[in-house]
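**Q** Sequential numbering from 1 applies to the sequence shown in the UniProt record's numbering.
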Amino acid sequence: MFTVQNKVEKAKFEDRYVVEVTGTFVSSPGEAMLIMGGFVPNKDDVFLGDLLDTLERLVNVYKYGRQATDEYYHIPGYETWFAQSSLTKEEVAALPEAIQKYGVEWLADPTGLPGSRATFSSYQLYYYDGEGTKYEVAYTPEQMRQVSSSMINMIGYDAKAKKLRVVFLKGGTYVYSNVEADVYQEMVTSPSVGKYFLANIKPHYDFEKEA
1 MFTVQNKVEK AKFEDRYVVE VTGTFVSSPG EAMLIMGGFV PNKDDVFLGD
51 LLDTLERLVN VYKYGRQATD EYYHIPGYET WFAQSSLTKE EVAALPEAIQ
101 KYGVEWLADP TGLPGSRATF SSYQLYYYDG EGTKYEVAYT PEQMRQVSSS
151 MINMIGYDAK AKKLRVVFLK GGTYVYSNVE ADVYQEMVTS PSVGKYFLAN
201 IKPHYDFEKE A
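1) Could you tell me which residues DSSP pairs with I152 in its beta bridges?
2) Could you pull out every unbroken alpha helix (DSSP H) segment of at least 4 residues lying fully inside the stretch 96-125, listed in chain order?
3) Could you tell me whether the Cβ atoms of V19 and Y157 are closer together than 9 Å?
4) Kindly indicate which three-state DSSP category K43 falls into: helix, strand or coil?
5) For my contact list, Y78 and T111 are in at a C-beta cut-off of 8 Å; report their separation, rounded to the angstrom.
6) Does DSSP classify E186 as helix, strand or coil?
7) Looking only at C-alpha atoms, which of L34, P191, E180 sits nearest to Y205?
8) Since M154 and M144 should fall inside the 8 Å C-beta cutoff, what is the C-beta to C-beta distance between them, to a whole number of angstroms?
9) Determine the direct distance from the alpha carbon of K202 to that of V166, and round the result to whole angstroms.
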């Protein structure tokens, strides 16, 4: 007879996205994994997308082989997500709160050269529902999204270039420069995208009209 008794472990995440990142070592045997998250659905989507885009670059840069001295610092997003210790306190403080919170220090090679890090080998996105059940998630990089608005048809965001692209219902496409990721995230989750745009984007950012 089996009798369920005391609960010994609570689900680690509930209604959260989590990324499992796997690395292999150049000099040491075996592999290791880091868990990043949990990202809040809708609130953290832009930052989660940026992390996944960064991981795609990191996994592919040395897919044909990596030497112990090969680094990742030249890959956009590596320092902000995986090596914040290489940044100044001021640079870290300037990062969006979500990146400060979910960023990690990438795995050091136990027997490798001083400062040697593991090779990024794979990553997988998961979603934990409200009861802690874990699901695999497919990710498609976002280009443009339609929005429910009386003035705006579609918007898109380039996190690397910090550019917001707005397509208006009456015609015309405008690109706004130096828009931070958290501002874009607030816009897409706002009850009124149009009102948010008029109050927080249009008066404050330089723009140019696409031909």
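Here a beta-carbon is modelled for each residue, glycine too, at the ideal position from N, C-alpha and C.
**A** Considering the structure as presented:
1) Mapped onto the sequence shown, residue 152 falls at position 152. Note: I152 sits in a beta bridge opposite F168.
2) 97-102
3) As a position in the sequence shown, residue 19 is number 19, starting the count at 1. As a position in the sequence shown, residue 157 is number 157, starting the count at 1. No, Cβ-Cβ distance for V19 and Y157 is not below 9 Å.
4) On the sequence shown, position 43 is the one that residue 43 refers to. Residue state, collapsed to three classes: coil.
5) Reading the sequence shown from its first residue, position 78 is the one you call residue 78. Reading the sequence shown from its first residue, position 111 is the one you call residue 111. Not confirmed; about 23 Å, so no contact.
6) Residue mapping note: residue 186 aligns to position 186 of the sequence shown, counting from 1. In this structure, E186 counts as helix in the three-state DSSP scheme.
7) As a working mapping, residue 205 is identified with position 205 in the sequence shown. Nearest C-alpha to Y205: E180.
8) Residue 154 sits at position 154 when you count from the first residue of the sequence shown. Residue 144 sits at position 144 when you count from the first residue of the sequence shown. Yes, M154 and M144 are in contact; Cβ-Cβ is about 5 Å, under 8 Å.
9) Counting from one through the sequence shown, the residue named residue 166 turns up at place 166. Counting from one through the sequence shown, the residue named residue 202 turns up at place 202. Each residue's alpha carbon lies about 11 Å from the other.
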